[in-house]
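Right, one structure below, let's go through it.
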Amino acid sequence: MYHGAHRFRSYKTARHFAATLLLITATAAILLIAGYFADIPWMTVGSALSLSFSRLFIGYTLSLLVGASLALMIGASPFGERLLPIFDVLQNIPSFALIPLFITALGYGSAMIILFAATSIVWPIMFYAASAILGAREELSDAAKVFGASGWKKIAYYLLPLSFPALVTGSIVGISIGWESVIGAEIITNVRGIGSFLNAAGTGGNQRLLAIGILSLLFLVFVVSRLIWVPLLHSARRYSEV
């Protein structure tokens with residue numbers, strides 16, 4: 698029964714993926730036929746999008762390492778749990794209010810944007826994972842102790858598997874915030890990327906370039922979501938049901 702339901706959900710997901718991809722492709726084809734995409738600097742668009750995506754990827758990787766480590770510290774020690782109110786205050790500071798500090802410390806460039814994005818992405822990852830660990834059933838913790846899970850074994854065989862679904866969910870939320878941070882920082886600092894590309898197209902009144910930039914960004918977000926996050930989310934849901 699479970700395998701049948703899983704195949705049905707996978708079939709629905711595949712159909713939705715195909716339908717959405719077909720819609721985007723058909724829209725692009727119609728615009729192309731109409732000459733809307735004529736003389737578009739595709740290399741410039743692709744380069745700007747690649748720069749922004751690479752910054753987001755590096756920022757997310759840093760956030761995942763830091764967020765997971767903090768969540769494990771919170772879940773594994775009373776001292777870590779006492780730090781939660783401090784982290785809660787820090788996450789409520791408006792991130793874009795800190796951009797002048799990042800610029801002063803790191804200047805204008807990719808390093809500043811990456812670290813700025815990382816400070817935005819880390820919070821949902823940490824809080825989702827920490828909540829999963831702190832909210833675990835007491836008998837699971839007791840079972841881990843009975844089987845000798847302590848130290849690194851407790852982290853590797855108990856805490857990390859326990860927090861996996863929450864890490865996936867927190868990552869999905871964090872990535873959406875990360876895109877906003879990367880694009881916003883690129884617009885504010887005018888550092889080369891899809892954010893500054895869209896800003897230049899908009900302020901310059903070039904509606905075609907603006908449309909191409911937005912469509913390219915949406916297409917990339919859609920493909921990454923369908924190929925990476927949706928399968929991971931399904932795996933996390935199945936994992937949490939075990």
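Positions 698 to 939 (the numbering used here) are the ones given, in order, by the sequence shown.
Where is the CB? At the ideal position from N, CA and C, for every residue including glycine.
- For the region 742-791, the continuous alpha helix (DSSP H) assignments of 4+ residues that do not extend past its boundaries occur at 775-779, 781-788, in sequence order.
- Here Asn-896 carries a helix assignment [DSSP, helix/strand/coil].
- Under the three-state reduction of DSSP, Val-918 is assigned to helix.
- Spatial neighbours of Thr-886 in its own chain (CB-CB distance under 6 Å, excluding positions within 5 residues in sequence) are listed in chain order as Tyr-805.
- The alpha carbon of Ile-891 has as its nearest neighbour, out of Ser-751, Arg-923, Thr-724, the alpha carbon of Ser-751.
- Here the region 802-820 makes contact with the region 754-768; the two share three or more CB pairs at distances below 8 Å.
- Annotated as proximal: Ser-893 and Ala-745, with beta-carbon spacing under 9 Å.
- In this structure, Ala-882 is the residue among Val-920, Ala-882, Thr-866 with its C-alpha nearest to the C-alpha of Leu-798.
- The beta carbon of Gly-777 sits closer than 7 Å to the beta carbons of Met-770, Ile-771 from its chain, once the five residues preceding and following it are set aside; these are given in chain order.
- By alpha-carbon distance to Ala-723, the top candidate from Met-740, Val-870, Trp-820, Leu-912 is Leu-912.
- Distance from Ile-830 to Ala-768 at the Cβ level is roughly 6 Å; contact confirmed, criterion being Cβ atoms closer than 8 Å.
- With respect to Leu-930, Thr-866 sits close: the two C-beta atoms are nearer than 9 Å.
- DSSP, read as helix, strand or coil, puts Arg-889 in coil.
- The criterion of a C-beta distance shorter than 9 Å is satisfied by Phe-714 and Val-927.
- Counting of Cβ neighbours within 10 angstroms places Val-786 among the exposed residues, the total staying below 16.
- Comparing C-alpha distances from Trp-876 to each of Met-740, Leu-915, Ala-726, Leu-859 shows the shortest one belongs to Leu-915.
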